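Just so we're aligned: 68 in UniProt numbering is position 68 of the sequence shown, and the numbers increase by one with no gaps anywhere.
Down below is the structure, laid out as structure tokens.
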Amino acid sequence: MHDLRALRADPAAFDAALTRRGGAPVAAHIVLLDEERRAAVTALQDRQARRKTLSKEVGTLRRTGADSTPQEAEAVALREEIERLEAVVRDRDAEIRDLLVTLPNRLDDGVPDGADESANMVVHQVGERRNFAFPPSEHFVLGEALGMMDFETASKLSGARFVVLRGALARMERALGQFMLDLHVQDHGYTETAVPVLVNEAAMFGTDKLPKFADQSFRTEDGRWLVPTAEVPLAASVAGDILPASALPRRMVALSSCFRSEAGAAGRDTRGMLRQHQFQKVEMVSVTRPEDSDAELERMTRCAETVLERLGIPYRRMLLCAGDTGFGAAKTFDLEAWLPGQDAWREISSCSTTRAFQARRMNARFRPAEGEAPEFVHTLNGSGLAVGRTLIAVMENYQNADGSITVPEVLRPYMGGLAVVGAP
């Protein structure tokens, strides 16, 4: 979560960081609660020391046959006072924790100010947008015309925001996931990892998904959660660990199903498969030393960009502003792919550094050197990429006038050499 010592040392800076995200100042209240807790701890320690002394006095008096009534009475009063102080410490600890878990990560100084996505900054743009000799269609028009994208059957099975893919489009989605995994493992040095898609509450809390995003996630009746992204099991795999410095950086990648309730998304992207309750995503997670995390963010973002470059999809990198940066992130780069059917740039990847924010929540540390005290690691996460959205980008950018879709060269080995989906 947050470093309480740093907050006490500079409460004004803490509040200023919250203000950048549109939050209200809370440092003074937290400091007050902490002072009350610390005072109670000091008083508790004094009372416990006095109780220990009294116990010895009562023992001595009883052995000599002297009257120990006053000391015993004081001991009873001390026990009640100790119980009261212990309750104060517990209550203040809980109040401080309940406040801190609701507060977002502190932003990097380089994050631009701004209230929403309109203030995000274009870092660079790569690739030429294709000039079509015909009006380009959106992916769902193409997919339905091919008979390979079925929203009606999906709705019958599961309700809104699901899709059934068939034939060559189903194979293309699988091909994209395999291509991304191979690229990140073979060229980028990530370790392929197969992870559970059901996790416990501790994993969701440690990766900052709870309590903030409980309404956007699916929970089972036995108290487990369907992962909104493989970031959760990948990052939480180091929870409670003290890693040797030689084990860092740890780079992991997974292809998994992801599940999101899309609470608050009513009316947005209701057609097509851009915003689904269930989707495939390749997720990259890095665990690093604190001094290496800034460079790792750049490296991770480049890994995601390479996927789009190999596929020949025009994209741009965005630096998110303060108001659009996610709850757990200190800094985020979004990659937006050009979708000619929509005539719009749409997010296809998000790469973030959380610095020590997640590590504090899940107590993930490393030992800089033998005999030195452990320090919190830094964790980073990034989409490499969202597979369904990449399928959309391929379909819209590689569509032909007859409604067929040319298969990008890099995908053809994964599709048995198929060059065109829907060719006559």
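Cβ coordinates follow ideal geometry from the N, Cα and C atoms, glycine included.
These figures come from a predicted structure and were not determined experimentally.
So for residue i, helix, strand or coil by DSSP?
i           : result
Leu157      : helix
Ala322      : coil
His29       : helix
Leu255      : strand
Asp34       : helix
Val387      : helix
Ser55       : helix
Ala419      : coil
His124      : strand
Asp150      : strand
Arg97       : helix
residue 425 : Nothing in the structure corresponds to residue 425, since the chain is present only between 1 and 424.
Val232      : helix
Thr270      : coil
Leu142      : helix
Phe14       : helix
Phe279      : strand
Thr42       : helix
Thr102      : coil
Arg260      : coil
Ala168      : helix
Ser237      : coil
Gly177      : helix
Arg361      : helix
Met300      : helix
Val111      : coil
Ser137      : coil
Looking at C-alpha atoms only, which residue of the options is the closest neighbour of residue i?
i           : options                           : result
Thr69       : Glu336, Ser55, Ile82 and Glu81    : Ser55
Arg302      : Ala145, Asp187 and Ser404         : Asp187
Gly189      : Ala245, Val253, Ala160 and Ala230 : Val253
residue 438 : Leu61, Val377 and Pro413          : Outside the displayed span of the chain (1 to 424) sits residue 438, for which this structure offers no information.
Pro340      : Met300, Val164, Ile392 and Ala214 : Ile392
Asp10       : Gly22, Met1, Arg21 and Val26      : Val26
Ser158      : Gln276, Met1, Thr325 and Ala17    : Gln276
Asn381      : Ala359, Ala344 and Leu297         : Leu297
Phe218      : Pro233, Ala236 and Leu198         : Leu198
Leu169      : Pro413, Thr153, Val394 and Thr60  : Val394
Lys209      : Thr191, Thr220, Glu231 and Pro196 : Glu231
Lys52       : Val76, Arg63, Ala66 and Glu36     : Val76
Asn131      : Pro413, Thr102, Ala24 and Tyr398  : Tyr398
residue 445 : Thr353, Leu226, Thr60 and Leu176  : As shown, the chain starts at 1 and ends at 424. That puts residue 445 outside it, with no answer to give.
Val41       : Ser261, Ala154, Leu18 and Arg92   : Arg92
Leu243      : Ala359, Met180 and Ala401         : Ala359
Lys331      : Ala247, Met121, Glu144 and Leu4   : Met121
Glu138      : Val410, Ala16 and Gly403          : Gly403
Phe333      : Arg47, Ala16, Ser155 and Gln125   : Gln125
Val163      : Glu144, Gly312, Ser246 and Gly22  : Glu144
Within a Cβ cutoff of 7 Å, which residues of the same chain sit near residue i, ignoring the five residues on either side of it in sequence?
i      : result
Glu74  : Leu54
Thr229 : Cys258, Lys281 and Glu283
Leu50  : Note on identity: in this sequence residue 50 is Arg, with Leu being the wrong assignment. Excluding residues within five positions, the ones whose Cβ falls inside 7 Å are Leu78.
Phe205 : Arg361
Glu86  : Leu44
Glu336 : Tyr315, Arg316, Met318, Trp345, Arg346, Glu347 and Ile348
Thr193 : Leu234, Met252, Val253 and Ala254
For my contact list, residue i and residue j are in at a C-beta cut-off of 8 Å; report their separation, rounded to the angstrom.
i      : j      : result
Asp182 : Arg166 : Between Arg166 and Asp182 the Cβ distance is about 24 Å, and since that is not below 8 Å, they are no contact.
Pro314 : Arg38  : No, Pro314 and Arg38 are not in contact; Cβ-Cβ is about 56 Å, not under 8 Å.
Leu274 : Arg389 : 7 Å
Cys351 : Ala119 : Not a contact, Cβ separation roughly 19 Å.
Phe366 : Asn105 : Not really, about 20 Å apart at Cβ, beyond 8 Å.
Thr354 : Ala329 : 6 Å
Met415 : Met172 : 7 Å
Thr325 : Leu107 : 6 Å
Where DSSP assigns a beta bridge to residue i, which residues make up the other side?
i      : result
Cys351 : Phe333 and Gly382
Tyr315 : Val126 and Ala337
Leu226 : Leu198 and Phe218
Glu192 : Val253
Val366 : Before going on, a small fix: residue 366 reads as Phe here, not Val. Answer by DSSP bridge pairing, in chain order: Leu243 and Glu375.
Ala344 : Leu339
Ser286 : Arg251 and Leu380
Val163 : Paired residues: none, contrary to the question.
Gln399 : Ile405
Starting from the C-beta of residue i, find all residues in its chain whose C-beta is less than 8 Å away, skip the five residues before and the five after it, and write them out in chain order.
i           : result
Glu72       : Val58
Val31       : Leu7, Arg8 and Pro11
Leu99       : Val26, His29, Ile30 and Leu33
residue 472 : A query on residue 472 cannot be resolved here, the shown segment of the chain reaching from 1 to 424 and no further.
Got a sec? Which residues, its chain only, sit under 6 Å from residue i by beta carbon, not counting five neighbours each side?
i      : result
Leu418 : Val407
Pro146 : The question names Pro, but residue 146 is Leu in the sequence shown. Gly422.
Trp225 : Val199, Met204, Ser217 and Arg219
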